[in-house]
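Remarks on the structure that follows.
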Amino acid sequence: MKKKFNTPPREPRQQPRPERSKAEGFKTNATAIYGVLPVLEALRAENRRVDKVLIADGALERRLSEIIDLCRARSIAWSRVPRDNFAKHLDSGVNHQGVLAFTSAAAYVDVEAVVDASEIPLVLILDGVEDPRNLGAILRTAEGAGVDGVIIPERRAVGLNDTVAKSSAGAIEYIKVAKTGNLNRLIEDLKRRDIWVVGTSMDASMTYNEWDWTRPSALVLGGEGSGLHRLVAENCDVLVKIPMYGKIDSLNVSVAAGVILFEARRQRSKDE
Numbered sequence: 166m167k168k169k170f171n172t173p174p175r176e177p178r179q180q181p182r183p184e185r186s187k188a189e190g191f192k193t194n195a196t197a198i199y200g201v202l203p204v205l206e207a208l209r210a211e212n213r214r215v216d217k218v219l220i221a222d223g224a225l226e227r228r229l230s231e232i233i234d235l236c237r238a239r240s241i242a243w244s245r246v247p248r249d250n251f252a253k254h255l256d257s258g259v260n261h262q263g264v265l266a267f268t269s270a271a272a273y274v275d276v277e278a279v280v281d282a283s284e285i286p287l288v289l290i291l292d293g294v295e296d297p298r299n300l301g302a303i304l305r306t307a308e309g310a311g312v313d314g315v316i317i318p319e320r321r322a323v324g325l326n327d328t329v330a331k332s333s334a335g336a337i338e339y340i341k342v343a344k345t346g347n348l349n350r351l352i353e354d355l356k357r358r359d360i361w362v363v364g365t366s367m368d369a370s371m372t373y374n375e376w377d378w379t380r381p382s383a384l385v386l387g388g389e390g391s392g393l394h395r396l397v398a399e400n401c402d403v404l405v406k407i408p409m410y411g412k413i414d415s416l417n418v419s420v421a422a423g424v425i426l427f428e429a430r431r432q433r434s435k436d437e
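Position one of the sequence shown corresponds to residue 166 (my numbering), numbered consecutively onward.
What follows is the structure in structure tokens.
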């Protein structure tokens with residue numbers, strides 16, 4: 166029998182009934198996601214409620230017709246609006262590509278849903294990634310590499326928001342994301358379940374491609390600039406590094422995720 170994690174059960178939260186704005190025609194407590202791919206994948210995946218889609222006048226993106234067809238198929242309200250009216254729903258300077266959707270927030274899963282997703286887990290743990298663009302890029306990479314899920318801290322880290330959705334290019338709709346209140350306790354729980362916890366460090370003696378990723382593994386990546394916290398690094402079973410051959414000594418965390426996760430996928434593909 167698989168061991169359950171020693172985290173307390175979550176109390177179900179009562180969600181207030183959304184109110185409909187007469188002025189704008191969408192639910193006032195909805196989350197806005199923008200960009201062609203994020204909106205398209207939210208409609209395709211059907212994992213969250215989509216209240217309404219707005220398309221800016223003059224938008225010429227070729228996939229907008231597919232978005233409109235999906236709205237019609239799912240009986241989701243959509244409309245074309247003047248660009249001035251469209252832009253007021255977003256921060257200035259965002260690349261919205263002329264499409265915006267009001268949806269329910271992206272949902273988190275329990276840690277067990279990530280760890281129990283396969284017989285030989287490949288899990289990604291993030292130790293304090295704060296840039297939403299980095300998190301979005303990491304989710305896109307993790308989904309593409311077939312990772313079972315991503316676990317992030319509840320505090321001092323970015324969560325799932327509209328910028329993450331845009332940067333993930335729709336991957337946020339498919340990849341499982343869980344939160345943990347204590348990374349070190351999570352690592353100990355993973356070890357008890359015979360999952361190897363592999364951290365990253367520039368000072369590691371082993372390179373990332375020397376590790377046997379066909380084992381049940383959880384890769385731990387540190388946040389921007391600071392890397393892994395000391396206790397997190399000490400609690401890992403092993404530390405690996407990406408060797409650097411130029412003048413700089415490290416990669417962006419989202420790039421490092423791609424390098425290591427696709428090496429893990431390469432090794433696992435040989436055994437399939």
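Using N, Cα and C, we set each Cβ at its ideal position, and we do this for glycine too.
Buried or exposed: where does residue i fall if 16 or more other Cβ atoms within 10 Å of its Cβ makes it buried?
i    : result
N400 : buried
R305 : buried
N299 : buried
E389 : exposed
S391 : exposed
G258 : exposed
I285 : exposed
S186 : Model confidence at S186 stands at a pLDDT of 32, short of 50, so the residue's coordinates are unreliable and nothing is read from them.
How would you write the range of the alpha helix (DSSP H) that residue i sits in, first residue to last?
i    : result
I316 : Run containing I316: none in the alpha helix (DSSP H); it sits in the beta strand (DSSP E), G314 to P318.
G423 : V418 to K435
R227 : Where R227 is concerned, there is no enclosing alpha helix (DSSP H), given that its DSSP letter is neither H nor E.
G309 : P297 to G309
T379 : No alpha helix (DSSP H) holds T379; DSSP gives it neither H nor E.
A322 : Here A322 belongs to no alpha helix (DSSP H), and DSSP marks it neither H nor E.
V397 : R395 to N400
With C-beta atoms as the reference, is residue i less than 7 Å away from residue j?
i    : j    : result
I149 : A271 : Not covered by the structure: residue 149. The range shown for the chain is 166 to 437.
T268 : I317 : no
V385 : D292 : yes
L355 : D313 : no
R248 : A278 : no
L476 : L219 : Because the chain spans 166 through 437 in this model, residue 476 falls outside it and cannot be assessed.
G200 : Q262 : yes
L202 : A334 : yes
Can you tell me whether residue i is helix, strand or coil according to DSSP?
i    : result
I112 : Residue 112 cannot be examined here, being either before or after the span of the chain that is shown, 166 to 437.
S244 : strand
A210 : helix
K406 : strand
E176 : Residue confidence is low: E176 scores 45 on pLDDT, short of 50, so the model does not pin down where it sits. No coordinate-derived value is stated.
A197 : strand
I233 : helix
Under the DSSP definition of a beta bridge, which residues are partnered with residue i?
i    : result
A343 : V274 and I316
K253 : K253 is not bridged to any residue.
I220 : R245 and V264
L202 : BP columns for L202 are empty, so no partner.
T328 : According to DSSP, which records beta bridges pairwise, T328 is partnered with nothing at all.
Should residue i be listed as close to the ligand GDP, given that the test is whether its C-beta is under 6 Å from any heavy atom?
i    : result
W376 : Looking for the ligand GDP in the displayed structure turns up nothing, as the structure carries no ligands at all.
Could you spell out where the beta strand (DSSP E) holding residue i opens and where it closes?
i    : result
I290 : L287 to D292
V259 : V259 -> no beta strand (DSSP E), and no H or E assigned at all.
G364 : W361 to T365
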